[in-house]
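Residue numbers (the numbering used here), protein chains in the order written: chain A, -18 to 263; chain B, 15 to 275; chain C, 10 to 235; chain D, 639 to 923. Below: the structure, in structure tokens.
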Amino acid sequence: MWFSRLLQRLFPPAPTPAALYLYLALAVVGSIVIIVALHRLLGPRGRRWLIAFVTFIAGLFFGLEYFYPVHGDPAKNFLTDWIEPVSVMLTVVGAFTVGLGIYSLLQVHGRNLVQRRPGWHNSLAFFLATFAMLVFGMWEYYLHLPQPPPAVVPWPKGIYEILFNGLFAPLQAATFSLLAFYIASAAYRAFRVRTGEAALMMAAAFIVMIGQVPIGAWLTSFIPADSPAAFFRLEMLGEWVLRWLNTPAQRGIIFGIAVGALAMSLRIWLSLERGTFFSEKG
Amino acid sequence: MGSLEHANVFMRILFLSLCAIIVGSVLLAQRGREMFIRRIPGLTAIEEAVGRATEMGRPIFFSPGLDGINIVTLQALAILSYIVRLAANQATRIIVGLRSPMVYPVAEESVREAYDAVGHPENFRSDDIRFISDEQFAYALGAVGIISREEVATNFLFGAFYAEALILTENGRALGALQVAGCPEPTQIPFFIATCDYVVIGDEYYAASAYLTREPTLTGSLVGQDICKAIVIAIIALGVGLATVFAPEKNFLLTWLGGGG
Amino acid sequence: MNPDLYILWAAAIATLGVYTILYRENPISRLFEHIFVGLSAGYLIVATWTLNLEGKWWNPMIHDKKWYWIFAPIVGSLFYFIYSRRLGWLARLIMGLFFGTAAGTFFRQFFPIYSPQIYACFKPLDYQAGMGIQGVIFDLLLHNWIFVIILLTVMSYFFFSIPHEGRFGRNLGRSAMLGRWFLMIAFGAMFGNTVMARISLFIGRMQFLLKDWLGSLIPWFATRGL
Amino acid sequence: MSAPRPTTVSDRIQQIPRHYVYLLLAGVVVWQLLFPIRLPITPSVPTRGVYDAVAAVPDDKLIIITTDWDASTQAETGPQTQAVIHACFQNHKKFVIMNLQPPMGVKLAQDLAEEAAQEYGAVYGVDYANWGYKYGYENVLMAMAKNIPNAIGDDFYGKPVGELPLMQGVEDIQAIGLVVIVTGLSAMTEMWVGLIQGPYRTPLAGAYTAVMAPIYYPYLDSDQLKGMLVGAKGAAELEAMVDRPGKAVAIMNVQSWAHVLIIALILLGNLGYLFARGRGEGSQP
């Protein structure tokens, strides 16, 4: 891949561990110098321009790779080889925002705890849970246990299992399953024949819902399966509603979204969303 | 053809024309051409919903959905920015609950900016922009916790939502919050309709910023979008016509769009 | 150590703890909410390191001596300038990079996502050789007509810049109203289609609570079929 | 927000507090898990198609059951496989198990087949066999169409399949009377349709997870699939047809009850609404 060759030419790997640390230090110092220089040299207009430029280039890079003519097999253009490494880099850069999220959590719960606000013990539980998962998660990872793990589980792994399989996963599953209750009560409350529209929604939900359980098939089992009227058997009718009434309506929505999202992308890319985000000041 | 890995000539032309139409109508609108937009009830309700929170003296909860930084989330943040401006004028608190750590700095910065823009930087509270959890259901429980503990008066859900949507809205409803929800993808809309007071459906979501701010750039873009939708309809009509006349392998439009073969 | 028993009990208590929220938000559900959020925060850090940074960033930088990877945390650290008024614009710079990426990514996805959806709508409205019509009562042609009509009326609902009065507008208004009806049918169908999946989730949890957990205390529960 | 306290009956059934709805649902599920009362199960049209296709196979032809599934979809595909095996044994059809994708499926299916074989006193190699996991997707199918013993080679136990009694006279795809594709993976059906059903008119039937089933309804319309099992529901219906109620029947029974409850609640709410409106009270807040 010529991208990595170019990168290696421009930024050759450090020859020795000592050189590596020297390079790293130089890179840090150099970056700080560049950042400070940018900050000093650019006025508000210059900063705004630079932000718009970076946005434009990033959008152009990903967009152009798709639309620029391609040659050869596998089909490529001059940008294709860059897509994967650039995406990896952006993922890595983005991963450093995790610190901000964690900081936000620590801020809120730390304050609860320090000021002994009502419910501070919950924040204590939060800290214990975070800390336990962090410590034992890392510990378990660096135990490098073989697969499958040995018969006698080392205790850090045991505690990790309790945290993950005993708490994390069940909490996930239990919260997810709350939806069974909520969907039942939402159905009871929402499906009333108040208006024509509500009645249509209810009828469709009704047919599809009951067509999916065996009792639905039983209700209309008096209609012979090989007669032309078999269409009206609930399991067939429900499937028909999903396939022939639901699909085109969903497509209709989706095409609208496609155009709406395209317009939004264009406005973001060209920094036309003035004022919405932060292009007003530098 | 039959590949969608890269664009072909037809796609290039089509894409460029769509872009040109949108940008063109933005430019026309910026020159001062008047543009009409029909009423969108779900969006009209936003103002009422903010007003309710102000009257009750209780905060607003806003969720920009579960996705990271993408177009759906950016549109949600644009709507957030508008709501913050409304609320900041009335000194109403807004709590933003986030699922993606990446969105956290963006939300923080755009909310701060909105407070600045209406001249109330002192009302901005960094604490109210909260990262909750990146785990879908931990996020849902955490958000329900905030809605109930802060006694939220109004609940705004704009962005990409998945199964957890109903957990948020059903609890919000039980707690008596006025709820306005909007999601471009259709899958969660039925549950929003069942549990929320106002729902913004499909493309209305992307029309929101234009509708709310009436900024020429955005209304122009909306008109451009309508023209583009008409083009999509024309393409489908042509495709249906060709499919009626020819066998699939002779339907050139199908091939141009990367199908068949 | 053998953690199985602890896992069983922790899982049962956590499940019941979450279910208390069905009554209302309460001290117990609040405690489990905080534990859940805490565990996921800890797990987020672990996963970010083990699944992302270690392999993609740390190892290339330290072991392969690709020192230029140091630029990733430097660029990433620009996000942290949101807390500074004076240097805040640097955070916007890096956000601009991600905004552009979001736009560019959408440009890339436009045809791969929507093209197949568009050409799947190219349905013949007249008899085609090899169509293999199966007659129940509604045959394929009628289906195709219904499909195209629903698609077009629904799309007409999403036109925002045309008033629903006047010569062209009045027709659009009618079509949009029809489109709204079809939308409601579709939403109802989607709702109905989800019910079973959601109930299975609860059945799964109840099987765990009744058979695995209660069954370990009272064997009778373990014998009840499931 | 909060509606006035309901006083009349019609108001009360319109405004059942959500906690009662939750309790009712939980109650019905627990009750039916512990003390099941079986609601009637009538096979739907696609399920009946599968059973009829098995029954219609001529006695001198083999049925292939492809078990392209693993633990991740076992809750649905396991009972489906089991029910299909019962249908084969009960109709005295010879069948073979094979699999093309997750190698685990063939072992899981073998366990199910052995369990059922004991019940019917069937003998491995005579009444049924297991061709094992075959690597190569399309290539396997294309080779099978021409020469089965060569294409398959050894069975699950490493014995050449040509030596098995039930394989006597089996040369090419013409010896196969039906292929039942049990899978949690997309693209398997397309492969069988393109390489076997299309060119050689070998009947196919499918068994899919509920999530993927909608993709294959068109194949049913066009008769490319003779029948189809849709998720746990399809499995339950076939279990009922072969009179071997198992896991799927138990789960679907709970589902049926839960659905009946929800539908009853919706009807009740509407009844209250219509009743109140009929008396001109209205209950608009």
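Ideal placement from N, C-alpha and C gives every residue a C-beta, glycine not left out.
Quick one: Cα of residue i to Cα of residue j, how far?
{"i": "Leu152/A", "j": "Val778/D", "result": "44 angstroms"}
{"i": "Ala129/C", "j": "Pro69/C", "result": "45 angstroms"}
{"i": "Ala789/D", "j": "Met850/D", "result": "29 angstroms"}
{"i": "Arg179/C", "j": "Ser165/C", "result": "12 angstroms"}
{"i": "Asn103/B", "j": "Phe236/A", "result": "37 angstroms"}
{"i": "Leu187/C", "j": "Leu71/A", "result": "45 angstroms"}
{"i": "Ala188/B", "j": "Ile723/D", "result": "49 angstroms"}
{"i": "Phe117/A", "j": "Met25/B", "result": "52 angstroms"}
{"i": "Leu148/A", "j": "Asp690/D", "result": "47 angstroms"}
{"i": "Thr840/D", "j": "Val734/D", "result": "15 angstroms"}
{"i": "Phe913/D", "j": "Ser648/D", "result": "6 angstroms"}
{"i": "Thr203/C", "j": "Leu60/A", "result": "43 angstroms"}
{"i": "Ala128/B", "j": "Tyr96/B", "result": "8 angstroms"}
{"i": "Thr68/B", "j": "Glu61/B", "result": "11 angstroms"}
{"i": "Lys699/D", "j": "Phe172/B", "result": "59 angstroms"}
{"i": "Pro130/A", "j": "Ala110/A", "result": "25 angstroms"}
{"i": "Gly24/A", "j": "Ala131/B", "result": "20 angstroms"}
With residue i and residue j assumed to form a contact (beta carbons below 8 angstroms), what rounded beta-carbon distance in angstroms separates them?
{"i": "Val89/A", "j": "Arg144/B", "result": "6 angstroms"}
{"i": "Met199/C", "j": "Asn227/A", "result": "6 angstroms"}
{"i": "Val820/D", "j": "Trp707/D", "result": "6 angstroms"}
In terms of residues, what are the limits of the alpha helix (DSSP H) holding residue i?
{"i": "Leu842/D", "result": "Note, Leu842/D: premise wrong, no alpha helix (DSSP H); beta strand (DSSP E) at 842 to 846."}
{"i": "Asn169/B", "result": "Not the alpha helix (DSSP H): Asn169/B falls in the beta strand (DSSP E), residues 168 to 174."}
{"i": "Asp142/B", "result": "Looking at the DSSP string, Asp142/B is not in any alpha helix (DSSP H), and its letter there is neither H nor E."}
{"i": "Met245/A", "result": "228 to 250"}
{"i": "Pro655/D", "result": "Note, Pro655/D: premise wrong, no alpha helix (DSSP H); not H, not E."}
{"i": "Val10/A", "result": "-2 to 22"}
Which residue marks the beginning of the beta strand (DSSP E) containing residue i, and which one marks its end?
{"i": "Pro678/D", "result": "Counting along the chain, Pro678/D falls outside any beta strand (DSSP E), and DSSP gives it neither H nor E."}
{"i": "Ile819/D", "result": "814 to 821"}
{"i": "Asp706/D", "result": "700 to 706"}
{"i": "Leu112/B", "result": "108 to 112"}
{"i": "Leu867/D", "result": "866 to 868"}
Secondary structure at residue i, three-state DSSP: helix, strand or coil?
{"i": "Phe108/C", "result": "helix"}
{"i": "Trp58/C", "result": "helix"}
{"i": "Gly196/B", "result": "strand"}
{"i": "Ala767/D", "result": "strand"}
{"i": "Asp792/D", "result": "strand"}
{"i": "Phe24/B", "result": "helix"}
{"i": "Ser209/C", "result": "helix"}
{"i": "Gly141/C", "result": "Because Gly141/C sits at a pLDDT of 45, beneath the cut-off of 50, its placement in the model cannot be relied upon, and the following sentence gives the value as read from the coordinates. Correct three-state label for Gly141/C: coil."}
{"i": "Leu80/B", "result": "coil"}
{"i": "Tyr212/B", "result": "strand"}
{"i": "Asn729/D", "result": "coil"}
{"i": "Pro798/D", "result": "strand"}
{"i": "Asn11/C", "result": "coil"}
{"i": "Leu87/C", "result": "helix"}
{"i": "Tyr265/A", "result": "In this structure chain A extends from -18 to 263, so residue 265/A is not present and cannot be described."}
{"i": "Ile74/B", "result": "strand"}
{"i": "Ile735/D", "result": "strand"}
Q) Using a Cβ cut-off of 8 angstroms, which residues of the segment 897 to 917 of chain D contact any Cβ in chain C, in chain order? A) His897, Ile900
With 7 angstroms as the C-beta to C-beta threshold (strictly closer), list the residues of the segment 69 to 90 of chain C near chain A in chain order.
Asp73, Lys74, Lys75, Trp76, Tyr77, Ile79, Phe80, Ala81, Pro82, Ile83, Val84, Gly85, Ser86, Phe88, Tyr89
Exercise for the section: Check distances from the C-beta atoms of the segment 16 to 46 of chain A to those of chain C and list, in chain order, the residues that come in under 9 angstroms. Expected result: Ile16, Leu19, His20, Leu23, Pro25, Arg28, Arg29, Leu31, Ile32, Ala33, Phe34, Val35, Thr36, Phe37, Ile38, Ala39, Gly40, Leu41, Phe42, Phe43, Gly44, Leu45, Glu46
Original post:
Relative to chain B, which residues along the segment 218 to 244 of chain A have a C-beta separation below 7 angstroms, given in chain order?
Top reply: Gln231, Ile234, Phe236, Gly237, Ile238, Val240, Gly241, Ala242, Leu243, Ala244
Notebook entry, point to check: Got a sec: which bits of the segment 39 to 53 of chain B sit with their beta carbon under 7 angstroms from any beta carbon on chain C, in order along the chain?
Noted result: Met49, Phe50, Ile51, Arg52
Check: What residues from the segment 122 to 137 of chain C come within 7 angstroms of chain A, judged by C-beta to C-beta, listed N to C?
Finding: Tyr123, Gln126, Cys130
Exercise for review: Note down, in chain order, all residues in the segment 145 to 163 of chain B with a beta-carbon under 7 angstroms from any beta-carbon belonging to chain C.
Suggested key: Ile146, Ser147, Asp148, Glu149, Ala152, Leu155, Gly156, Val158, Gly159, Ser162
Which residues, taken in chain order from the segment 188 to 202 of chain A, show a beta carbon closer than 7 angstroms to some beta carbon of chain D? Met190, Ile191, Gln193, Val194, Pro195, Ile196, Ala198, Trp199, Ser202
Taking any Cβ of chain D, which residues in the segment 196 to 211 of chain C have a Cβ under 8 angstroms from it, in chain order? Val204, Met205, Ala206, Ile208, Ser209, Phe211
Next item on the list: Would you list, in chain order, the members of the segment 97 to 113 of chain A that have their beta-carbon closer than 9 angstroms to a beta-carbon of chain C?
Entry: Gly100, His102, Asn103, Ser104, Leu105, Ala106, Phe107, Phe108, Leu109, Ala110, Thr111, Phe112, Ala113
- Query: Looking at chain G, which residues of the segment 145 to 169 of chain A have a Cβ within less than 9 angstroms of any of its Cβ atoms?
  - Reply: In the structure shown, chain G does not exist; the protein chains are A, B, C and D.
Next item on the list: Name, going along the chain, the residues of the segment 52 to 73 of chain A whose beta-carbon falls closer than 8 angstroms to a beta-carbon of chain C.
Entry: Val69, Met70, Leu71, Thr72, Val73
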